[in-house]
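According to this note's numbering, the residues represented by the sequence shown are -7 to 310, in order. Note that beta-carbon positions come from the ideal geometry of N, C-alpha and C, so glycine has one too.
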Amino acid sequence: PASLRGRFLEILTDIVLPVFAVIAAGYLATFSPAFDADVGGALAKFVFWFAIPVMLFHSLATKEMPSEIDLGYFAAYYGGVGTSFVLAIVLFRYLGHEELEFRILAAFGSIYGNTVLIGIPVILAALGERAGLPLFLLLSFHAVVFFSLVTFLVEGVARGHGKPLQVIGNALRGLATNPILIGLVGGVLWNWAGLSMPGVLDRFGDLMAGAALPCALFSVGASLRNYRLAGALRLSLAMVAVKMVLQPTLVAILAFGVFGVDPLWASVAVIAAAMPTGVNAYLFAVRYEQAQTETAAAMLLSTLLAVPVLTLILHWLT
-7 PASLRGRFLE ILTDIVLPVF AVIAAGYLAT FSPAFDADVG GALAKFVFWF AIPVMLFHSL
53 ATKEMPSEID LGYFAAYYGG VGTSFVLAIV LFRYLGHEEL EFRILAAFGS IYGNTVLIGI
113 PVILAALGER AGLPLFLLLS FHAVVFFSLV TFLVEGVARG HGKPLQVIGN ALRGLATNPI
173 LIGLVGGVLW NWAGLSMPGV LDRFGDLMAG AALPCALFSV GASLRNYRLA GALRLSLAMV
233 AVKMVLQPTL VAILAFGVFG VDPLWASVAV IAAAMPTGVN AYLFAVRYEQ AQTETAAAML
293 LSTLLAVPVL TLILHWLT
């Protein structure tokens, strides 16, 4: 029907394309002699170490926290993601990859999304400021859960190195210095303490928040020149299918059908689950020297496919 087509085009032009136009601008800027080759990396450091942590702290410190948090929200998201992770490990075995360590890291590239640099701008643009609280609460556990899990599985299971508690402890120590996690936890503690936000800090938070999202998107685009669609495209396509089709589908079934999560919170979980592969999955692959090429290709391909995929998902949700 014409109304459905109109709504689809409205979502595409008003929400999705403006976000990805900034990513495209970042990519095109790398061809200009006015920009250094590492402009994406430098901008990403600003976003990761300053802009996003301040934005998260300011948002959570000044938002009204719900009296109760629906645990079904977390169960739906992490249940869907965890199931996708296990299925990906099994699937990659049938695609001819015997080594467990390789399959763990490829599966990580199939479930770990760019929930910060792309997820925050897309979700806030699509669902409004009300979506900030459920999204930021989700992010508060995101890195802790996945980084610890993958580190434990690779070091403690696939490689058999070290004691399990020691492996987990090392991962948690690394997370304790994560600026995004510090911003999240700091904002929640400030809120729970009932402290008021001084005017100068409030304005500072607004200014940093205004810089965070466009800089994040621009840095994603600028960094895309570092990756190529090469190597085992068959596996990379399978990784993208798990990331952008299977995972959001499972999360949607659990959120809407099984746990009956509030529609706004459920929508946040589904959109977050559909985000393209995040750069941290590639960094883990490089660190352990497994599935680097496949993860890089999956990250690039999923980012390119994010425009039609996210448009379809937003159309269905709204």
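> Any idea if serine 102 is buried or exposed, counting beta-carbon neighbours within 10 angstroms, 16 or more meaning buried?
Replying inline: The count along the sequence shown starts at 1 and reaches residue 102 at position 110. It is buried - the Cβ of serine 102 has at least 16 other Cβ atoms within 10 Å.
> Could you give the residue range of the alpha helix (DSSP H) that holds aspartate 28?
Replying inline: To locate residue 28, count along the sequence shown from 1; it is residue 36. Per DSSP, aspartate 28 belongs to no alpha helix (DSSP H) and is neither H nor E.
> DSSP beta-bridge partners for glycine 105?
Replying inline: Position 113 of the sequence shown, counted from the first residue, corresponds to residue 105. For glycine 105, which the question treats as bridged, DSSP gives the partners Thr269.
> If we ignore side chains and look at the alpha-carbon of each, how far apart do alanine 34 and arginine 85 end up?
Replying inline: Walking along the sequence shown from the start, residue 34 turns up at place 42. Walking along the sequence shown from the start, residue 85 turns up at place 93. Take the alpha-carbon of alanine 34 and the one of arginine 85: they are about 38 angstroms apart.
> When DSSP labels each residue in this structure, what does valine 3 get in the three-state scheme?
Replying inline: As a working mapping, residue 3 is identified with position 11 in the sequence shown. Sequence check: residue 3 is isoleucine here, not valine. In the structure shown, the three-state DSSP call for isoleucine 3 is helix.
>> When you compare the CB positions of isoleucine 96 and valine 212, do they come within less than 8 angstroms of one another, or not?
In response: The sequence position of residue 96 within the sequence shown is 104, counting from 1. The sequence position of residue 212 within the sequence shown is 220, counting from 1. Their beta carbons are not under 8 angstroms apart, which means isoleucine 96 does not touch valine 212 by this criterion.
> Taking the alpha-carbon positions, what's the leucine 20 to alanine 214 distance?
Replying inline: Your numbering for residue 20 matches position 28 in the sequence shown. Your numbering for residue 214 matches position 222 in the sequence shown. The alpha-carbon atoms of leucine 20 and alanine 214 are separated by roughly 7 angstroms.
> How should alanine 13 be labelled, buried or exposed, when 16 other C-beta atoms within 10 angstroms of its C-beta is the threshold for buried?
Replying inline: Counting from 1 along the sequence shown, the entry for residue 13 is found at position 21. Label assigned to alanine 13: exposed.
> In terms of alpha-carbon separation, which member of Gly88, His50, Ala98, Ile115 lies closest to leucine 187?
Replying inline: What you label residue 187 is simply residue 195 of the sequence shown in a count that begins at 1. Ranking Gly88, His50, Ala98, Ile115 by Cα distance to leucine 187 puts His50 first.
>> Can you give me the C-alpha to C-alpha distance between asparagine 170 and arginine -3, rounded to a whole angstrom?
In response: Along the sequence shown, one-based indexing puts residue 170 at 178. Along the sequence shown, one-based indexing puts residue -3 at 5. Near 43 angstroms, if we compare the C-alpha coordinates of arginine -3 and asparagine 170.
>> Considering only the alpha carbon of each residue, which of Leu173, Phe276, Phe128 lies closest to methionine 57?
In response: Position 65 of the sequence shown holds residue 57. Nearest of Leu173, Phe276, Phe128 to methionine 57, Cα basis: Phe128.
> What are the boundary residues of the alpha helix (DSSP H) that includes histidine 307?
Replying inline: What you label residue 307 is simply residue 315 of the sequence shown in a count that begins at 1. 284 to 309 is the span of the alpha helix (DSSP H), which, as asked, contains histidine 307.
> Are there 16 or more other CB atoms within 10 angstroms of the CB of serine 59, so buried, or fewer, so exposed?
Replying inline: Against the sequence shown, residue 59 aligns to sequence position 67. Per the 10 Å Cβ criterion, exposed.
> How many angstroms separate the CA atom of glycine 197 from the CA atom of methionine 47?
Replying inline: Here residue 197 corresponds to residue number 205 of the sequence shown, with the count starting at 1. Here residue 47 corresponds to residue number 55 of the sequence shown, with the count starting at 1. When rounded, the distance between both Cα atoms is 6 angstroms.
>> On the criterion of 16 or more Cβ atoms from any shown chain inside 10 Å, does isoleucine 115 qualify as buried, or is it exposed?
In response: Residue numbering aside, residue 115 sits at position 123 when the sequence shown is read from its first letter. Flag for isoleucine 115 reads buried.
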